[in-house]
Amino acid sequence: MLNGVIPCKGILADKHIAVQGVEDIKHMVFTCKRAKLIWKQLSIWSRIQPILGFDRSGSVLVEEAIRKGGKVSHLNAIGIAELILTGAWYILWERRQLVHGEQIQNPARSAMSIATLTANYMLSNKKDKTKIQNGWKKPPEEMLMINVDAAFDIDSGSGGTGVY
Numbered sequence: 037m038l039n040g041v042i043p044c045k046g047i048l049a050d051k052h053i054a055v056q057g058v059e060d061i062k063h064m065v066f067t068c069k070r071a072k073l074i075w076k077q078l079s080i081w082s083r084i085q086p087i088l089g090f091d092r093s094g095s096v097l098v099e100e101a102i103r104k105g106g107k108v109s110h111l112n113a114i115g116i117a118e119l120i121l122t123g124a125w126y127i128l129w130e131r132r133q134l135v136h137g138e139q140i141q142n143p144a145r146s147a148m149s150i151a152t153l154t155a156n157y158m159l160s161n162k163k164d165k166t167k168i169q170n171g172w173k174k175p176p177e178e179m180l181m182i183n184v185d186a187a188f189d190i191d192s193g194s195g196g197t198g199v200y
């Protein structure tokens, strides 16, 4: 699924860019020093740590975190799955920036960015949609309602109207 997409040490070594050992998704997202600091700043390391012994595969660990679910009460009850998925994406995104020589934030600011992105995502997905109160209503029998439509094509300089 993610074969060769993430610039981890194994991929970089294959391209003769890195000469150190293989670095997997589990390490990049959960167990490297920077990732641990970010999860600790988000105060969810205690929830991630027990999952780490579940499997050696990073994607299986993410799946297990999603399966367990739950809410993070100190972050306005955002979902743990959403926070971990956003955090994993953000950590990998910052890693890509670092690989390309760009500056990245310190772990505390990264954690704050992850929390903000996740909270905004959760707010945007709320089912509390505004209902239209004043939709179209059929006119009474003794009234006539006219619908006029028009269009104009600037390239050809022509237009048209219609009355319904």
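Converting from the sequence shown to the working numbering requires adding 36 to each position, the first position being numbered 1. No residue lacks a Cβ here, since even glycine has one placed at the ideal position from N, Cα and C.
Look at G94 and V65 and say whether their C-beta atoms are less than 7 Å apart.
-> The beta carbons of G94 and V65 sit closer together than 7 Å.
Euclidean distance between Cα positions of S109 and N170 | Going from the Cα of S109 to the Cα of N170 covers about 39 Å.
Out of K174, I84 and K69, point me to the one whose CA is closest to I182's CA.
-> Nearest option by C-alpha distance: K174.
Could you check the C-alpha separation between S160 and A186 for me, to the nearest Å?
-> In a straight line, the C-alpha of S160 is about 35 Å away from that of A186.
Near C68, which residues of its chain fall below 6 Å by C-beta distance, leaving aside the five closest residues on each side in sequence?
-> Cβ contact annotation for C68 (same chain, cutoff 6 Å, sequence separation greater than five): none.
Where E99 and I87 are concerned, what is the direct C-alpha to C-alpha distance, given to the nearest angstrom?
-> Taking the straight line joining both Cα atoms gives about 10 Å.
When DSSP labels each residue in this structure, what does S192 get in the three-state scheme?
-> Three-state DSSP puts S192 in coil, outside helix and strand.
How many angstroms separate the CA atom of L126 from the CA atom of L97?
-> A small fix is needed here, since residue 126 is Tyr in this sequence, not Leu. Between Y126 and L97, the C-alpha separation is close to 17 Å.
Per DSSP, what kind of secondary structure is K163 in: helix, strand or coil?
-> Three-state result, K163: coil.
Residue of T197, D189, L134 and Y157 minimising C-alpha distance to L111 = Per the C-alpha coordinates, the member of T197, D189, L134 and Y157 positioned closest to L111 is Y157.
With a CB to CB cut of under 6 Å and the five nearest residues on each side skipped, what residues in its chain are close to I102?
-> Close CB contacts of I102 within its chain, under the 6 Å cut and outside five residues either way in sequence, are with A117 (chain order).
May I ask you to report which of helix, strand or coil DSSP gives K69?
-> Note: K69 maps to helix in three-state DSSP.
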